[in-house]
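In the working numbering, the protein residues as written are 24 to 199.
From the three backbone atoms N, C-alpha and C, an ideal C-beta is built for every residue, glycine too.
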Amino acid sequence: MEEQNRQIDRIELMTQSNMKDQTFYLRYHSRMSIRLRTDVMQKHNKLMHKVRSRYPDYSKEEVSYAAMILAIKAVYAEKEQIVKLNFSDLSLDEIRNVTVKKIELHIDKVFVRDRPKQEELFGVLGEIKLLRSYRETQSKVGSYEAISQYLKKEHDISADASTIWRFLRKIEGGES
Numbered sequence: 024m025e026e027q028n029r030q031i032d033r034i035e036l037m038t039q040s041n042m043k044d045q046t047f048y049l050r051y052h053s054r055m056s057i058r059l060r061t062d063v064m065q066k067h068n069k070l071m072h073k074v075r076s077r078y079p080d081y082s083k084e085e086v087s088y089a090a091m092i093l094a095i096k097a098v099y100a101e102k103e104q105i106v107k108l109n110f111s112d113l114s115l116d117e118i119r120n121v122t123v124k125k126i127e128l129h130i131d132k133v134f135v136r137d138r139p140k141q142e143e144l145f146g147v148l149g150e151i152k153l154l155r156s157y158r159e160t161q162s163k164v165g166s167y168e169a170i171s172q173y174l175k176k177e178h179d180i181s182a183d184a185s186t187i188w189r190f191l192r193k194i195e196g197g198e199s
């Protein structure tokens with residue numbers, strides 16, 4: 024227990040972040056797009072050597088973890104800085120660069136938010152279609168609300184009826 028507390032103190036010293044903040048950054052990392060994750064890994068490699076030279080007595084694992092937190096922290100700070108930028112003080116080239124970065128952030132946000140739910144629904148697509156086909160014979164069984172309840176109960180997938188409807192429309196080509 025005492026060793027664990029020392030390890031926590033060392034990591035907090037290296038990252039300048041408490042455990043609650045570290046947990047926030049790790050959760051943020053789990054929601055990042057692959058583009059941002061590769062950016063984090065590049066920063067991790069660079070920071071690893073800096074942190075290692077600053078704290079040579081600490082273990083490789085602690086230094087690597089601290090470098091990862093610092094890399095995620097840096098990417099998060101860059102994102103926040105881009106979001107808060109005001110165009111009035113920038114030149115035309117800077118405005119172009121910022122606009123491209125803002126578009127990339129928007130694409131990343133859309134990618135991260137939509138993809139996991141679709142992947143879950145793809146996993147049970149056959150069951151969803153089968154349940155929906157029952158709508159012709161038994162109206163309550165095939166309703167999207169009933170399908171939603173079934174998915175929650177049997178597969179622990181929480182998807183609203185409207186999400187299931189949009190997903191099926193997209194799959195069947197009704198929506199681009």
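Using three-state DSSP, classify residue i as helix, strand or coil.
i, result
"Y173", "helix"
"Y48", "helix"
"N109", "coil"
"G146", "helix"
"A182", "coil"
"K168", "Before going on, a small fix: residue 168 reads as Glu here, not Lys. Residue state, collapsed to three classes: helix."
"S76", "helix"
"Y157", "helix"
So, at 8 Å on beta carbons, what are the nonlocal neighbours of residue i in its own chain, with the 5 sequence-adjacent residues on each side left out?
i, result
"V123", "none"
"Y51", "I95, Y99"
Which residue comes first and which comes last in the alpha helix (DSSP H) that contains residue i?
i, result
"I34", "25-38"
"M55", "No alpha helix (DSSP H) contains M55, which DSSP labels as neither H nor E."
Excluding five sequence neighbours on each side, which residues of the same chain lie with their C-beta closer than 7 Å to the C-beta of residue i?
i, result
"S199", "With a pLDDT of 43 at S199, under the threshold of 50, the modelled position of this residue cannot be trusted; read the value that follows with caution. Nothing meets the Cβ criterion."
"D183", "S171"
"R33", "Y81, E85"
"K175", "S181"
Does the Cβ of residue i have 16 or more other Cβ atoms within 10 Å, making it buried, or fewer, making it exposed?
i, result
"M24", "exposed"
"D137", "The pLDDT assigned to D137 is 49, lower than 50, so where the model puts this residue is not dependable, and the model offers no usable value."
"A100", "exposed"
"S53", "exposed"
"M64", "exposed"
"F145", "exposed"
Judging by CA-CA distance, which residue of the options is the nearest neighbour of residue i?
i, options, result
"R75", "Q65, Y88, D112, S56", "Y88"
"W188", "D179, Q141, H178, E177", "Q141"
"A90", "M71, Q104, I105", "M71"
Return the chain-ordered list of same chain residues with a C-beta closer than 6 Å to the C-beta of residue i, the five sequence neighbours on each side being excluded.
i, result
"M42", "none"
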